[in-house]
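One structure is given below, encoded as structure tokens.
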Ligand code: IPE
Ligand code: IPE
Ligand code: MG
């Protein structure tokens, strides 16, 4: 059985390019093609929501030319694949603070979200300018404001707190490529009971076969959620 919600930390684009003597941006370009491959595979396998970590709140630290290429990538990606995503009934959403991106980047993302909003297949959620601590902080501030304004009681439950986050769902399976085994500020709340799958495969080389391996690993786990 396929997990309902899968999240991927798409890592290793830079190393993929370096191995080939190419600029890091070539790795990001190839990595964007992998997004298409993996989204279509996820849809085939019956995954309901696929969350992809594409740009973290810490990635602004990178050299200006790399950041500027990463800002252009959503435009390149949707130009190439939006028609296919529509045909395949895939719904695009995002998690993160879009406002920090250039207006053109915001426009292409909003356009893809609007265009696909009535699709009923896979939800493809791009985590962009996403940081888990920031996400929780924003949620807490919003809740505190509502309480201060008398709009609600100080009676928050775990389930309701989730609704103040960009991603309210618990994640079933988290995959990180490229051999790194850390969370890098990704979905700290949503990963509380998630199964983790780490692979040395670099993101541009990840494909349907690798996704199937991760799902097989997931299916072999005994998820106890604190029980026995
Ligand atoms: C992941 O690949 C893509 C982003 C973080 C935007 P990296 O760019 O981190 O690639 P490595 O880790 O340097 O190989
Ligand atoms: C995490 O990868 C962020 C994304 C994949 C978008 P990084 O390459 O930025 O993470 P660190 O710096 O190795 O922890
Ligand atoms: Mg990296």
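Residue numbers (the numbering used here): 3 to 230.
Don't be surprised by glycine CBs; every beta carbon is placed ideally from N, CA and C.
Beta-ladder partner(s) of residue i, from DSSP
i: residue 8; result: 52 and 175
i: residue 96; result: 128
i: residue 200; result: 178
i: residue 58; result: 132
Straight-line Cα distance separating residue j from residue i
i: residue 17; j: residue 228; result: 38 angstroms
i: residue 107; j: residue 75; result: 8 angstroms
i: residue 193; j: residue 172; result: 7 angstroms
i: residue 8; j: residue 163; result: 21 angstroms
i: residue 89; j: residue 54; result: 21 angstroms
i: residue 155; j: residue 165; result: 16 angstroms
i: residue 168; j: residue 131; result: 12 angstroms
Member of the options whose CA lies at the smallest distance from the CA of residue i
i: residue 87; options: 207, 103 and 39; result: 39
i: residue 198; options: 83, 156 and 185; result: 185
i: residue 134; options: 99, 149, 224 and 112; result: 99
i: residue 191; options: 138, 82 and 122; result: 138
i: residue 203; options: 3, 33 and 5; result: 33
Status (buried if at least 16 other CB within 10 Å, exposed otherwise) for residue i
i: residue 23; result: exposed
i: residue 182; result: exposed
i: residue 70; result: exposed
i: residue 92; result: buried
i: residue 205; result: buried
i: residue 29; result: buried
i: residue 12; result: buried
> Taking any heavy atom of ligand 5 as the mark, which residues have a C-beta closer than 7 angstroms to it, listed down the chain?
Replying inline: Among the ligands in the structure shown, ligand 5 does not appear; only ligand 1, ligand 2 and ligand 3 can be found there.
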